[in-house]
Amino acid sequence: MPEENDLILSKELYTVRFWVKRELEAKYLPALPDLVEEQLFLQGRTAWNFKYSNLKIDPLKASKRISITIFALLKKEFHRFFDKHRFSFNVTTIYWPDTRKLKIENIQAIECQQRS
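Residues 71 to 186 (this note's numbering) are what the sequence shown spells out, left to right.
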């Protein structure tokens with residue numbers, strides 16, 4: 071039976087996913103034309119859907135190492151802008167629940183798929 075310290079709360083997982091998603095959008099995923107990005111921002115929308123799998127949690131002393139596989143899927147309405155519309159990443163983070171700090175240790179691109 072896992073100890074209470076080994077578990078991760080859903081709000082902690084939400085925090086980890088939020089920060090990782092921001093990092094991927096800023097540095098790893100292709101950007102849409104400025105006008106399209108501006109319209110999406112004003113509408114409170116994003117061009118990407120994210121799916122998560124293979125969650126692994128390794129408890130450390132005061133933190134938790136979290137590994138997760140993330141699939142970034144470009145929404146269909148934006149496929150005309152890019153040839154590649156599906157990206158996969160393995161992400162490893164260290165999360166300190168007490169201070170709610172997150173350090174992204176490693177982001178590794180797995181694959182990207184072109185449209186057929």
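All C-beta atoms in this analysis are idealised placements derived from N, C-alpha and C, irrespective of residue type, glycine included. These numbers come from a predicted model, not from an experiment.
Looking at the strands, I want to know which residues DSSP matches up with residue i.
i: T139; result: S123 and N160
i: I177; result: V161
i: K134; result: P129 and Y165
i: L172; result: Y165
i: A144; result: Ala is not the amino acid found at residue 144; the sequence shown has Leu there. Bridge partners of L144: W118.
Do you know how far the Cα of residue j is from the Cα of residue i?
i: N124; j: R92; result: 20 Å
i: R135; j: K126; result: 8 Å
i: E95; j: T163; result: 16 Å
i: E181; j: A132; result: 33 Å
i: T139; j: L105; result: 31 Å
i: Q109; j: R170; result: 32 Å
i: G114; j: D168; result: 30 Å
i: T85; j: F111; result: 21 Å
i: S137; j: P103; result: 32 Å
i: K146; j: K97; result: 21 Å
Using CA atoms only, rank isn't needed, just tell me which of the options is closest to residue i.
i: E175; options: P100, Y84, A142 and W89; result: W89
i: L172; options: R87, L79 and E107; result: R87
i: Q178; options: R170, W166, N160 and Y165; result: N160
i: L144; options: Y165, K97, N119 and S80; result: N119
For chain D, find out if any of its Cβ atoms is closer than 8 Å to the Cβ of residue i; answer yes or no.
i: L130; result: Absence of chain D from the displayed structure is noted, only one protein chain being present.
Is it the case that the Cβ atoms of residue i and residue j are separated by a distance below 8 Å?
i: F157; j: L99; result: yes
i: A101; j: F148; result: no
i: F141; j: K154; result: no
Tell me which same chain residues have a C-beta within less than 7 Å of the C-beta of residue i, skipping the five on either side of it?
i: S186; result: Any reading at S186 must be qualified, since the residue scores a pLDDT of 47, below 50, and its modelled position is unreliable; the value itself is stated next. Here the set comprises nothing.
i: E82; result: Y165 and P167
i: E107; result: A101
Which same chain residues, not among the five before or five after residue i, have their C-beta less than 6 Å away from its C-beta?
i: L79; result: none
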